[in-house]
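Engineer:
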Amino acid sequence: MEQSILPQMKKAAKKSLKARDGELASINRQLDILNGGIFADGELPYFKDKIAEIGHFPLRPQKLEILQINVGYMCNQVCEHCHVDAGPDRKEIMTKETMEQCLEVIRNTGAHTLDLTGGAPEMNPNFKWFVEEAAKAGIQDFIVRSNLTIIRANKKYYDLPEFFKKHNVHVVSSMPHYTRGKTDKQRGDGVFDKSIKALQELNAVGYGIPDSSLRLDLVYNPSGAFLPGDQAAMERDFKKALDEDFGIQFHNLFAITNLPISRFLDYLIASDNYEDYMYALVDAYNPAAVENVMCTNTISVSWDGWLYDCDFNQMLDLKVANKIKHIKDYNEDLLNDRNIVISQHCYGCTAGAGSSCQGTVA
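Quick note: the sequence shown uses my numbering, first residue -9, plus one each step.
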């Protein structure tokens, strides 16, 4: 079944779920699926019951370390696994007014890491201004999550490697595989070659070179209905292949489990893999990963300023369970006193060695 529907899905993936009015563009429909079926029938335990077994329900935040800001869902790619349902047709873009509110928080937060994401964050028309202003705040680790191809998408982006260098941005880049076939299968024809060119340009200005302070990390997401392998082993394979074939160097590889939401959930259902994948996540549940899941040290900010426990909850519109719900009212002390909102997609962050935007957690 999975193979037979791939051509159809590739054609559909030229647009976001929202643009093609897909059933799973409805957040309520996604939540119905995640909370019903094999969980409602008792075949699999709800996530809250699993973490209750080890005394972690309700899940509570620890010290805030990471402020993650999504500056818009617009993207130059329409990737099969995308949990944001990003694409060129998504017009949700953070305004300068909301960016100003974020900057005020950045200047006063106790978080040591600022993590800018999208879509392709570089497509926000005020992206460079925001980076310049945020860099002045002296945050310890300033991350921009780039899909790489944006660097080659248009002449106005060609200076991004030098721009990132100027502001000492930590570049975290999506790279599904070190082979053309697997990368283009997940992200579209031509993505691999453009990604390689972008990585070479980043290397040319000093990114990813051993002992360089210009950090370049890659992110791996599985290209199908399976969990990632050992992160350290994959990092060795990626480094060997990219260096030997293209002379490319980078610092670390982060292996991230695909969570069953948005376009990846759509893929799982269309390929008749949803139940098997959820069984795999639950079977791989690791209690040791629960304590360090990213929602315990992160606040996620949406393009319109709403606050979430993590980027995945943002895509399901599961706002923080706190009276402080918007960046304009930000109060770190009050936000630290909350229960983290969970659902069955959270199994993805506790499977195996665990998964976060910074890679494994256990």
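All C-beta atoms in this analysis are idealised placements derived from N, C-alpha and C, irrespective of residue type, glycine included. A quick note: this is a predicted structure, and the numbers were derived from the prediction, not measured.
(1) What residues are listed by DSSP as bridge partners for Gln244?
(2) Among Ser346, Val161 and Ser333, which one has its Cα closest to the Cα of Lys40?
(3) Could you check whether the segment 324 to 339 touches the segment 122 to 134, counting it as contact only if at least three pairs of C-beta atoms, one from each stretch, sit closer than 8 Å?
(4) Tell me which residue opens and which closes the beta strand (DSSP E) that Ser290 is part of.
(5) Select from Gly45, Arg177, Ile17 and Gly12 the residue whose C-alpha is nearest the C-alpha of Glu281.
(6) Beta strand (DSSP E) containing Gln58: first to last residue?
(7) According to DSSP, simplified to helix, strand and coil, what is Asp299?
(8) For the candidate residues Pro212, Leu306, Gly100 and Lys156, whose alpha-carbon lies nearest to that of Arg177?
(9) Given Ile186, which residues of its chain have a CB within under 6 Å of its CB, disregarding the five upstream and five downstream residues?
(10) With C-beta atoms as the reference, is Gly62 less than 8 Å away from Met84?
(11) For Phe228, is the classification buried or exposed, using 16 other Cβ atoms within 10 angstroms of its Cβ as the cut-off for buried?
(12) Output the boundary residues of the alpha helix (DSSP H) element that contains Val272.
(13) Thr169: buried (16+ other C-beta within 10 angstroms of its C-beta) or exposed?
(14) Starting from Asn329, follow its DSSP beta bridges and name the residues at the other end.
(15) By a C-beta neighbour count over all protein chains shown, 10 Å radius and 16 as the cutoff for buried, is Trp293 buried or exposed?
(16) Relative to the C-alpha of Asp131, which residue among Lys175, Ile314, Lys313 and Leu206 is closest?
(17) Buried or exposed: where does Glu112 fall if 16 or more other Cβ atoms within 10 Å of its Cβ makes it buried?
(18) Using DSSP bridges, identify the partner residues of Arg135.
(19) Which first and last residues belong to the beta strand (DSSP E) in which Asp39 is found?
(20) Within the continuous alpha helix (DSSP H) that includes Leu356, where are the two ends?
(21) Are there 16 or more other CB atoms within 10 angstroms of the CB of Ser6, so buried, or fewer, so exposed?
(22) Going by DSSP, what residues sit across from Met224 in a beta bridge?
(23) Among residues of its own chain, excluding the 5 on either side of Glu302, which ones have a beta-carbon nearer than 7 Å to its beta-carbon?
(24) To the nearest angstrom, report how far apart Gln190 and Lys118 are at their CA atoms.
Structural biologist: According to the structure shown:
(1) The residue asked about is misnamed: residue 244 is Phe in this sequence, not Gln. BP columns for Phe244 point to Val209.
(2) Ser333
(3) no
(4) Thr288 to Val291
(5) Gly45
(6) Ile56 to Asn60
(7) coil
(8) Pro212
(9) Phe236
(10) yes
(11) buried
(12) Tyr264 to Asp273
(13) exposed
(14) Ala311
(15) buried
(16) Leu206
(17) buried
(18) Val162
(19) Unbroken run through Asp39 is the alpha helix (DSSP H), Phe37 to Ala42; no beta strand (DSSP E).
(20) The requested residue 356 does not occur in the structure, where the chain is confined to residues -9 to 352.
(21) buried
(22) The partner list for Met224 (beta bridge, DSSP) is empty, contrary to what the question assumes.
(23) Residue identity check: residue 302 is Phe in the sequence provided, not Glu. Contacts found: His73, Leu249, Ile251 and His335.
(24) 22 Å
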